[in-house]
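Working notes, structure below.
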Amino acid sequence: MSKKLYIKTYGCQMNVYDSERMAEAMGAEGYVTTDVAEEADMVLLNTCHIREKAAEKVYSDLGRLKPLKAAKPDLKIGVAGCVAQAEGEEILRRMPLVDLVVGPQSYHRLPAMAKAAGKGEKSVVTDFPEEAKFDHLPERPKAAVRPTAFLTVQEGCDKFCAFCVVPYTRGAEVSRPAGRIMAEARGLVEKGVREITLLGQNVNAYHGSAADGDWSLARLARELAKIDGLDRIRYTTSHPNDMADDLIAAHGEEEKLMPYLHLPVQSGSDRILKAMNRRHTAESYIRLIEKIRAARPDMLISGDFIVGFPGETDADFAATMDLIRTVNYGMAYSFRYSARPGTPAAEKEPVPADVADARLQELQALLAGQQRAAQEAMVGREVSVLFEKPGRLPGQMVGKSDYLHAVHVKTDARTGEIARVRVAESAPNSLGGEIVR
Ligand code: SAH
Ligand code: SF4
Ligand code: F3S
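For the sequence shown, position 380 matches number 380 in UniProt numbering, and the numbering has no gaps at all.
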């Protein structure tokens with residue numbers, strides 16, 4: 001009988017992708033995945049270290065596994081992801097019920113580590129090996145998949161923003177060879193995938209080797225667009241300083257490149273941007289957005305913001321609010337600054353929690369209004385929708401528009417079909433529309 005694997009994924013989309021690859025690697029060892037932790041022979045937590053809350057959640061979840069492990073002593077418990085990388089051995093010390101700890105660059109070692117755990121041997125692997133993990137993970141299987149898929153093309157970060165753990169947990173920037181990405185994309189499309197989101201911590205810094213020299217992200221996107229049956233290409237997350245002209249131009253020319261761009265800025269104050277080591281100004285970011293909108297006027301811009309970075313004054317915060325008003329975001333993610341061990345900013349005097357909280361509320365109210373307006377502006381327009389699953393009501397399907405809004409439609413279309421839809425209404429978290437005949 002096959003063994004069961006339960007994976008819980010925290011954090012960013014790259015972890016979602018990695019969890020799939022780990023499930024596939026364990027599949028080759030006879031494990032099938034389950035959604036029920038109680039049924040599992042192995043529980044794997046794929047963790048996130050980005051903010052304190054995310055990292056601490058892992059320990060409370062591990063604590064909650066204690067009764068399960070007591071009732072089922074053969075249960076193996078593994079910790080993967082960025083907390084594994086950042087804390088390594090410390091996890092075993094704090095949580096003796098853990099059997100293995102594996103960092104993001106070592107997932108190809110997971111099957112061997114699971115076997116060792118079966119023999120009662122604990123292991124911790126957090127090196128940044130020379131061999132690329134993806135080259136050592138099994139080929140992606142032929143099983144049916146969803147119509148959308150993530151595909152990691154680049155990992156790691158050399159930017160060292162003063163607040164961020166990613167350069168430490170994911171290591172230096174590495175791009176996967178273009179040929180492997182093309183092959184993986186073709187494989188996904190053969191299995192029915194119609195939309196691929198290319199992933200990287202700095203995805204637009206992609207520069208993968210190919211027979212005819214290094215490919216930029218723009219070149220990769222243009223080559224992917226030639227694959228029949230692949231209809232939509234997205235990518236995330238981009239850094240403003242890597243937003244190259246050829247990529248901006250591609251947005252104006254390549255229809256399969258979707259008009260949605262996640263381009264975090266973090267702050268609108270030059271003083272704070274400097275202290276964050278972002279290496280760009282508010283002005284240069286705004287000019288960049290203008291250039292992007294000149295190439296693709298309907299581009300929906302999404303961003304990330306941190307409030308309460310050490311030293312942030314009311315004037316700095318006001319500058320962030322001004323930038324938000326200037327750019328006008330269709331989507332946004334915002335966070336209260338969280339001091340992370342080992343990062344330069346963690347040494348600095350924090351902004352009082354109540355001040356940071358009040359700023360976050362004010363900023364989120366502004367962004368929520370912009371988001372609502374962007375969604376409401378879709379009413380009356382025609383969009384394309386890729387149907388992903390049945391909706392809540394009978395005869396209804398739900399999918400994503402080009403602009404990544406969820407759209408409910410009454411239709412007999414099936415999962416994986418793309419249709420032209422006229423948007424008729426805007427609800428709090430989704431749009432409603434009708435098929436255009
Ligand atoms: N590579 C991407 C994403 C990094 S993590 C980028 O450069 O944008 C995702 C978001 O988490 C960041 O954009 C930032 O807004 C937020 N973040 C990162 N570190 C943080 C910290 N220490 N405290 C609060 N938010 C943080
Ligand atoms: Fe973190 Fe900055 Fe790198 Fe993004 S660019 S992953 S925020 S260090
Ligand atoms: Fe979190 Fe690591 Fe992603 S810290 S956001 S899981 S890169």
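Just so you know, even glycine gets a beta-carbon here, dropped at the ideal spot from N, CA and C.
Within 10 Å of its beta-carbon, does residue i have 16 or more other beta-carbons around it, so buried, or fewer, so exposed?
i, result
"K8", "exposed"
"K76", "buried"
"H172", "Note that residue 172 is Ala in the sequence shown, not His. Exposed, because fewer than 16 other Cβ atoms sit within 10 Å of the Cβ of A172."
"P297", "exposed"
"residue 455", "Here the chain covers residues 1 to 437 and nothing more, so residue 455 does not appear."
"A114", "buried"
"G342", "exposed"
"D35", "exposed"
"R287", "exposed"
"L367", "buried"
"E235", "According to the sequence displayed, residue 235 carries Tyr and not Glu. With 16 or more Cβ atoms within 10 Å of its Cβ, Y235 is classed as buried."
"E39", "exposed"
"L393", "exposed"
"K400", "buried"
"D245", "exposed"
"R420", "exposed"
Do residue j and residue i count as a contact pair if the criterion is CB distance below 8 Å?
i, j, result
"G303", "Y329", "yes"
"Y260", "L404", "yes"
"L65", "L97", "yes"
"K389", "T411", "no"
"Y10", "K57", "yes"
"G308", "R359", "yes"
"V102", "A132", "no"
"L5", "A23", "yes"
"I289", "M258", "no"
"C82", "H49", "yes"
"I306", "F335", "yes"
"A413", "V379", "no"
"L247", "L198", "no"
"A116", "A345", "no"
"L323", "G268", "yes"
"K191", "V153", "no"
"G88", "M42", "no"
"Q105", "F134", "no"
"P111", "E20", "no"
If you draw a straight line from the C-alpha of residue i to the C-alpha of residue j, how long is it?
i, j, result
"E312", "F160", "19 Å"
"C164", "G200", "15 Å"
"P177", "V203", "14 Å"
"C12", "L263", "15 Å"
"T320", "E349", "20 Å"
"E52", "R340", "7 Å"
"V189", "A318", "46 Å"
"V436", "A406", "17 Å"
"E90", "W215", "40 Å"
"T169", "G27", "26 Å"
"G213", "A250", "19 Å"
"P167", "G156", "6 Å"
"V265", "A356", "18 Å"
"R186", "A210", "16 Å"
"A374", "V383", "14 Å"
"G238", "M276", "In the sequence as displayed, the identity of residue 238 is Ser instead of Gly. So the two alpha carbons sit approximately 17 Å from each other."
"G391", "P147", "16 Å"
"Q94", "Y59", "The amino acid at residue 94 is misidentified as Gln; the sequence shows Arg. Distance between the alpha carbons of R94 and Y59: 9 Å."
"G433", "K256", "22 Å"
"D61", "R422", "44 Å"
"I418", "S430", "17 Å"
"A332", "L363", "10 Å"
"D231", "A353", "46 Å"
"A37", "G229", "36 Å"
"L100", "S123", "5 Å"
Would you list the one or two residues that DSSP bridges to residue i?
i, result
"V423", "G433"
"K389", "V398"
"H262", "S302"
"F317", "BP columns for F317 are empty, so no partner."
"S384", "R420"
"H207", "S216"
Compare the C-beta of residue i with all C-beta atoms of chain C and state if any pair is closer than 8 Å.
i, result
"D18", "No chain C is part of this structure, which consists of one protein chain only."
Hey, quick one: how far does the alpha helix (DSSP H) through residue i stretch, first residue to last?
i, result
"R359", "A353 to E376"
"H251", "D245 to E253"
"V102", "Here V102 belongs to no alpha helix (DSSP H); instead the beta strand (DSSP E) covers L100 to V102."
"I7", "Segment K3 to T9 is the beta strand (DSSP E) holding I7; no alpha helix (DSSP H) there."
"F128", "Note, F128: premise wrong, no alpha helix (DSSP H); not H, not E."
Along the chain, where does the beta strand (DSSP E) that runs through residue i open and close?
i, result
"N15", "No beta strand (DSSP E) contains N15, which is instead part of the alpha helix (DSSP H) from Q13 to G27."
"E195", "E195 to L199"
"M331", "M331 to R336"
"L44", "M42 to T47"
"L151", "T148 to T152"
"K76", "K76 to A80"
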